[in-house]
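To start, the structure itself, in structure tokens.
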Amino acid sequence: MPYQALVRLLGAATSAAATSAAASTPATRSGAAPADAPRLTARQTAVLTLMAEGHGNAVIARTLSCSEHTVKNVIYELMSRLQARNRAHAVACAVRHSLI
């Protein structure tokens, strides 16, 4: 699924949930990541963005001029930091938290 379509779908779903939860939690209107969102490094953000576009580890490694082993390590750290079960869940969490 294209990244832009994923963002639109998740944005529509989260905006509906945010509307219902707005009364109980303060909203961030600056467009930045919410205060409870995990912080990512520049490399983690780059890897996550390429993952969201559907690229595999080899393509990500070539694009970022690093080894596939490095990409695997970055993805492992991302999965842990975002508490994600798989790559799709990691992308969804990142979009939900406005990290990408």
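Mind the numbering: the sequence shown is residues -23 to -1, 1 to 77 in mature numbering (1 follows the signal peptide of the UniProt record, and there is no 0), read in order. All C-beta atoms, glycine included, are put in the ideal place defined by N, C-alpha and C.
A residue is called buried once 16 or more other Cβ atoms fall within 10 Å of its Cβ, and ALA19, having fewer, is exposed. When secondary structure is reduced to three states using DSSP, ILE77 falls in the coil class, being assigned neither helix nor strand.
Within 10 angstroms of the beta-carbon of GLN(-20) lie fewer than 16 other beta-carbons, which makes it exposed. In this structure, ILE77 sits away from ALA69, with a CB-CB distance that is not shorter than 8 Å. The Cβ-Cβ distance between ALA23 and SER75 does not fall below 8 Å.
With contacts defined as CB atoms closer than 8 Å, ALA61 and MET28 fail to qualify as a contacting pair. Within the same chain, and ignoring the five residues on either side of VAL36 in sequence, the residues whose Cβ sits closer than 8 Å to its Cβ are LEU27. Taking C-beta separations shorter than 8 Å and ignoring five residues to either side along the sequence, the partners of LEU25 in its chain run LEU17, LEU55, ALA67, VAL68, ALA71, LEU76, ILE77, following chain order. Between the beta-carbon of ASN63 and that of LYS49 there is about 14 Å, and that puts the pair past the 8 Å contact cut. In this chain, LEU17 is not harboured by any alpha helix (DSSP H), its DSSP state being neither H nor E.
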